[in-house]
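Taking the working numbering, the leading residue of the sequence shown gets 63, the next gets one more, and so forth.
Structure first, then comments.
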Amino acid sequence: MNIQVLYKPSYSVAKVNLSSGESIKAEAGALMSMSSHIQMQTSKAQQGGLLKSLKAAFLGGESFWMNTFSASQPGEVLLAPTLPGDIEKLELNGTIFIQSSSFLASKPEIDIDTKFQGLKGFFSGESLFFLKLSGNGPVLISSYGGIEVLDVEGEFIVDTGHIVAFEEGLQYEITKFGGWKSFFLGGEGFVAKFKGRGRLWLQSRNVPTLGAWFRSELPPRKE
Numbered sequence: 063m064n065i066q067v068l069y070k071p072s073y074s075v076a077k078v079n080l081s082s083g084e085s086i087k088a089e090a091g092a093l094m095s096m097s098s099h100i101q102m103q104t105s106k107a108q109q110g111g112l113l114k115s116l117k118a119a120f121l122g123g124e125s126f127w128m129n130t131f132s133a134s135q136p137g138e139v140l141l142a143p144t145l146p147g148d149i150e151k152l153e154l155n156g157t158i159f160i161q162s163s164s165f166l167a168s169k170p171e172i173d174i175d176t177k178f179q180g181l182k183g184f185f186s187g188e189s190l191f192f193l194k195l196s197g198n199g200p201v202l203i204s205s206y207g208g209i210e211v212l213d214v215e216g217e218f219i220v221d222t223g224h225i226v227a228f229e230e231g232l233q234y235e236i237t238k239f240g241g242w243k244s245f246f247l248g249g250e251g252f253v254a255k256f257k258g259r260g261r262l263w264l265q266s267r268n269v270p271t272l273g274a275w276f277r278s279e280l281p282p283r284k285e
């Protein structure tokens, strides 16, 4: 399998060249184009057991569907994320957590599970799920905007809307930013306070902020 990221750093696309018998697993809706002899199969990500599935259902969790593209003979698949931004290829050797909206694709043998964030994710206004990826092989992550890679040792604070992925050596907690005046009027809201040692991937733009901007530009409703 050979993976190239085209058009970096904006509007990136992943070009995956598959040899005969090779496959790649991607988020639903990521297909841009593919060779005519490549087959596609749709499946659902693991939910980490019945209890987590029930929590997800009651608290508005999302289903995470994926497509696996398999080549009967050499061919190519082009994958594009939903939001305009960058793509980065990681060579996974262990475990990493990825914000569900930032997962693009991976080698099929890599195990993908959802990690429930609980009420801290609910109150942060972000997705209730991180994807937990474990194994060895290539992983593609995407961002809204550019990707910043940081090596954290100790503590580091990140706006929740800018998290793309982080390594297993980092733990986090959700907390409000500053005092109540800053929280309500400063435009920051909740942040994630990371502790430990590991790599952290951030995106330069914030999807919730984009949504708020669009809402502010809409004409008022007519009663």
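All residues carry an ideal CB built from backbone N, CA and C; glycine is no exception.
None of these values were measured; they are calculated from a predicted model.
Distance check for residue j and residue i, CA to CA, integer angstroms please.
{"i": "ALA90", "j": "LYS238", "result": "33 angstroms"}
{"i": "GLU171", "j": "PRO281", "result": "48 angstroms"}
{"i": "GLY156", "j": "SER278", "result": "43 angstroms"}
{"i": "ASP148", "j": "VAL211", "result": "12 angstroms"}
{"i": "ASP175", "j": "GLU84", "result": "22 angstroms"}
{"i": "THR130", "j": "TYR69", "result": "24 angstroms"}
{"i": "MET94", "j": "SER72", "result": "16 angstroms"}
{"i": "ILE86", "j": "PRO146", "result": "22 angstroms"}
{"i": "ALA254", "j": "THR144", "result": "24 angstroms"}
{"i": "GLY123", "j": "PHE192", "result": "With a pLDDT of only 42 at GLY123, under 50, the local geometry of the prediction cannot be trusted, and no value is derived from it."}
Measuring only between beta-carbons, confirm whether residue i sits less than 8 angstroms from chain B.
{"i": "HIS99", "result": "Of the chains in the structure shown, none is chain B; there is only one protein chain."}
So the beta strand (DSSP E) residue i belongs to, where does it begin and stop?
{"i": "ILE29", "result": "Because residue 29 is not part of the residues shown, which for the chain are 63 to 285, the question remains open."}
{"i": "ASN268", "result": "Here ASN268 belongs to no beta strand (DSSP E), and DSSP marks it neither H nor E."}
{"i": "GLU96", "result": "Position check: residue 96 holds Met in this sequence, whereas Glu was assumed. Counting along the chain, the beta strand (DSSP E) containing MET96 begins and ends at 93-96."}
{"i": "LEU280", "result": "Premise fails: LEU280 is in no beta strand (DSSP E) and is neither H nor E."}
{"i": "ASP148", "result": "No beta strand (DSSP E) holds ASP148; DSSP gives it neither H nor E."}
{"i": "GLY216", "result": "209-221"}
{"i": "LYS137", "result": "Note that residue 137 corresponds to Gly in the displayed sequence, not to Lys. From DSSP, the beta strand (DSSP E) with GLY137 extends over 137-141."}
{"i": "ILE236", "result": "232-238"}
{"i": "MET102", "result": "100-106"}
{"i": "ALA133", "result": "127-133"}
Using the Cβ count rule (16 or more neighbours within 10 Å means buried), how would you classify residue i?
{"i": "TRP127", "result": "exposed"}
{"i": "GLY249", "result": "A caution first: GLY249 carries a pLDDT of 49, below 50, which makes its placement in the model unreliable, though a value can still be read off. The residue in question, GLY249, is exposed, as its Cβ has fewer than 16 Cβ neighbours within 10 Å."}
{"i": "GLU150", "result": "buried"}
{"i": "ILE225", "result": "buried"}
{"i": "ASP213", "result": "exposed"}
Note down, in chain order, each residue of its chain lying with its Cβ closer than 8 angstroms to the Cβ of residue i, except the 5 sequence neighbours on either side.
{"i": "GLY199", "result": "GLU153, LEU154, SER168, LYS169, GLU171 and ILE172"}
{"i": "HIS99", "result": "ALA133, SER134, GLN135 and GLY137"}
{"i": "PHE256", "result": "VAL214, GLU217, PHE218, ILE219, VAL220, PHE228, LEU232, GLN233, TYR234 and LEU262"}
Ordered along the chain, which non-local residues of its own chain (more than five positions away) have a Cβ less than 6 angstroms from that of residue i?
{"i": "PHE228", "result": "PHE159 and LEU262"}
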